[in-house]
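The structure appears right after this line, and notes come after that.
Numbering (this note's numbering), first residue to last: 498 to 676.
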C-alpha cells in the first residue's frame, strides 16, 4: 500500500503542526513530501536556494528533515521526496530553454538532488524533469551514482520523469502522465 502525500510550506507555517505526531497517526506505508516545487522554493536549508527556503522564509523549519526524522522513527513509513529539476521563472533556466538546452547555465536542480539523497536518504524519488532533455539534467550520471554509490543504492525506487522521452520507459515505477 503506497500513498503519496504532498504538503506545502503554507500548510506548515504555524507552530501547531507537529509532523512527528502526524506520522504516528497516519495509516500509510509511504509518504512523499513535495519539497521542491517548480517555483524553486526548497523545504530544507539548501545552499543552492539562495535563502529561498523554509528555514530562511516562512516557518523557519527544515520540513524535509522533520519528515525524514518522523519516517525513520516509524517502523512502517518510508520516505519519498518529489523533486522538480526546473524552475519555470528562473532566468538561467529560461535562458537555457531559449537556447534549446544547448547551454547549461542553470545547474541548481541537479545539485539539489544529490544534496537531498546524501542528506535525507529517501527511499523513493519522484523526479520531474520533463521540460528538458535528460542530457541537460545529467540524468544518466545521477542515476548511475544513485544505484551504484549513493547511501540508498540498495533500497531506492525512482519514477520515470528524467527528461524528454523518458516517461513510460525508464524508472523503478512508471507513472507515465501523472499530471
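We put the CB at the ideal spot given by N, CA and C, even for glycine. Treat the numbers as computed from the prediction; the structure is a model and nothing was measured.
- Query: What first and last residue would you give for the beta strand (DSSP E) that runs through residue 577?
  - Reply: Stepping through the chain shown from its first residue, residue 577 is reached at position 80. Residue range 575–581 is occupied by the beta strand (DSSP E) that includes residue 577.
- Starting from residue 624, follow its DSSP beta bridges and name the residues at the other end. Position 127 of the chain shown, counting from 1, holds the residue named residue 624. Listed as beta-bridge partners of residue 624 by DSSP are 580.
- Nearest candidate by alpha-carbon position, reference residue 544, set 611, 645, 668 and 666: Looking up residue 544 in the chain shown gives position 47. Nearest C-alpha to residue 544 among 611, 645, 668 and 666: 611.
- Helix, strand or coil for residue 656 per DSSP? As a first step, residue 656 is located in the chain shown; it is residue number 159 there, counting from the start. Shown here, residue 656 sits in coil according to DSSP, grouped into three states, outside any helix or strand.
- Query: Of the residues 552, 573 and 572, which one's Cα is nearest the Cα of residue 563?
  - Reply: Counting from 1 along the chain shown, the entry for residue 563 is found at position 66. Nearest of 552, 573 and 572 to residue 563, Cα basis: 552.
- Entirely within the segment 538–562 and at least 3 residues each: give me those beta strand (DSSP E) ranges in chain order. Secondary structure in the segment 538–562: no beta strand (DSSP E) run of 3 residues or longer lies completely within the stretch.
- Reducing DSSP to helix, strand and coil, say where residue 501 ends up. Looking up residue 501 in the chain shown gives position 4. Any reading at residue 501 must be qualified, since the residue scores a pLDDT of 37, below 50, and its modelled position is unreliable; the value itself is stated next. It is coil, neither helix nor strand.
- Provide the residue span of the alpha helix (DSSP H) that contains residue 607, from first to last. Looking up residue 607 in the chain shown gives position 110. In the DSSP assignment, residue 607 falls within the unbroken alpha helix (DSSP H) covering 605–617.
- Item | 8 Å Cβ cutoff met for residue 636 and residue 668 | Position 139 of the chain shown, counting from 1, holds the residue named residue 636. Position 171 of the chain shown, counting from 1, holds the residue named residue 668. No, the pair does not count as a contact, with Cβ atoms beyond the cut-off.
- Run of the alpha helix (DSSP H) containing residue 519, from where it starts to where it stops: Position 22 of the chain shown holds residue 519. For residue 519, the uninterrupted alpha helix (DSSP H) segment begins and ends at 516–522.
- Go through its chain and collect everything with a Cβ distance to residue 670's Cβ below 7 Å, but skip five positions before and after it. The residue given as residue 670 occupies position 173 in the chain shown. Here the set comprises 654 and 656.
- Query: Is residue 585 helix, strand or coil when you go by DSSP?
  - Reply: Indexing the chain shown from 1 puts residue 585 at position 88. Residue state, collapsed to three classes: coil.
- Task: Return yes when the Cβ of residue 586 is within less than 8 Å of the Cβ of residue 633, no when it is not.
- Result: As a position in the chain shown, residue 633 is number 136, starting the count at 1. As a position in the chain shown, residue 586 is number 89, starting the count at 1. Residue 586 is positioned such that its CB atom lies no closer than 8 Å to that of residue 633.
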